[in-house]
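In the working numbering, the protein residues as written are 28 to 393. Virtual Cβ for every residue (Gly too), placed ideally from N, Cα, C.
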């Protein structure tokens, strides 16, 4: 059996960068906020003072002990932040994220095997910012997937060793999540692995990128940055695309971009996460969508058998407080359980709430 850690968006730029030991330039070009430290102030108004600087491990908080206890074979995160000191703000974007490379210890604290970069913020500071991001991750010994110096690098699969076999990961970003089509990597241009539509043809092409290297015992993951930010509606086209990926040989569909957890499906015994929500960000003091309880986060641990079928999905609820993850209480766990189960009713997905607040989904066939 292979266990993979998956999570929602990791946005270590902006306010998070400002509380770490080496805060970068706080300048922003947003319509309302022009200084990243404003997001720290907003968070402090909600939950109290954050004594700065915090250690690199601070944003992860209790998640680190959970990871140590559950000991996944492979750790995947969607890194939705450029790691750069560049000030080349990409025009036409409302929000830009960057983390000072000197704060990269915030990433190594969680020991990711792979950082997914196919998202709508990795090029916030242009090709130069992307190049510095890639150099930084390579220097840390962290694989990246979904972006690169050219189309071949952006589209290649990341290969991670596990006790029972390997985990192969490919990634793609879609326009529906805000990835500009002009960011698509080309033969002579750096960029992201971009999927232009949700056709069967595009699904098969994406699956082929990971299936080309698959060996017996390997687990295949397709990471998708897609969909809107808020709400529990998932388009039928997204469902068909996810199903087509599974039919083409993908074992886990790892979706993200939504700011709160979305639907879960087990299709033909394989796991589909339509949206993992956020994990690390500076949204604590921003409260226009309180009904979605975006202060609650989930750590996902998917255990699959040697054939790639889901055995059990464990989800550990977390709550953000002073830009740090804490274990959520049983009441919060139950709210997440009922909300996700109700939203996933169309798929017949059932979530169980364990005594420690961990939520579980067991594998089954449809």
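{"Query": "Reduced DSSP secondary structure (H/G/I, E/B, other) of residue 21", "Result": "Nothing in the structure corresponds to residue 21, since the chain is present only between 28 and 393."}
{"Query": "Proximity below 9 Å, CB of residue 303 to CB of residue 147", "Result": "no"}
{"Query": "Neighbour-count burial assignment, residue 356, 16 or more Cβ in a 10 Å radius", "Result": "exposed"}
{"Query": "Beta bridge counterpart(s) of residue 342 as assigned by DSSP", "Result": "327, 386"}
{"Query": "Residue 393 - DSSP class collapsed to helix/strand/coil", "Result": "Summary for residue 393: the model assigns pLDDT 48, below 50, so the residue's position carries little reliability, and this model does not support an answer."}
{"Query": "Local conformation of residue 95 per DSSP, three classes", "Result": "helix"}
{"Query": "Contact belief for residue 32 with residue 141 at Cβ below 8 Å, rounded distance in angstroms", "Result": "With 8 Å as the limit, residue 32 and residue 141 do not qualify as a contact, their Cβ atoms being about 10 Å apart."}
{"Query": "CB of residue 246 within 9 Å of CB of residue 197, strictly", "Result": "no"}
{"Query": "Opening and closing residue of the alpha helix (DSSP H) in which residue 67 lies", "Result": "64 to 74"}
{"Query": "Candidates 58, 59, 78, 57: closest to residue 67 by CA position", "Result": "78"}
{"Query": "Minimum length 3: unbroken beta strand (DSSP E) runs contained in the region 205 to 278", "Result": "246 to 252"}
{"Query": "Extent of the continuous beta strand (DSSP E) to which residue 149 belongs", "Result": "Element bounds for residue 149: n/a, residue is neither H nor E."}
{"Query": "Residue 210 versus residue 117 - alpha carbon distance", "Result": "11 Å"}
{"Query": "Residue 32 (DSSP reduced to helix, strand or coil)", "Result": "strand"}
{"Query": "Cβ-based neighbour list, residue 84, same chain, cut-off 7 Å, excluding 5 preceding and 5 following", "Result": "91, 136"}
{"Query": "CA nearest to the CA of residue 156, picked from 328, 109, 164", "Result": "109"}
{"Query": "Limits of the unbroken alpha helix (DSSP H) element including residue 353", "Result": "From DSSP, residue 353 is part of no alpha helix (DSSP H) but of the beta strand (DSSP E) over 351 to 354."}
{"Query": "Through-space distance from residue 262 to residue 332, alpha-carbon basis", "Result": "29 Å"}
{"Query": "Where the alpha helix (DSSP H) containing residue 132 begins and where it ends", "Result": "132 to 135"}
{"Query": "Cβ neighbour criterion (16 or more within 10 Å) applied to residue 121", "Result": "exposed"}
{"Query": "For residue 297, the three-state DSSP class (helix, strand or coil)", "Result": "strand"}
{"Query": "Residue from 182, 384, 152, 373 whose Cα sits closest to the Cα of residue 363", "Result": "384"}
{"Query": "Buried versus exposed, by CB contacts within 10 Å (16 or more), residue 82", "Result": "exposed"}
{"Query": "Nearest-angstrom Cα separation, counted from residue 204 out to residue 119", "Result": "15 Å"}
{"Query": "For residue 354 and residue 98, the rounded distance between their alpha carbons", "Result": "17 Å"}
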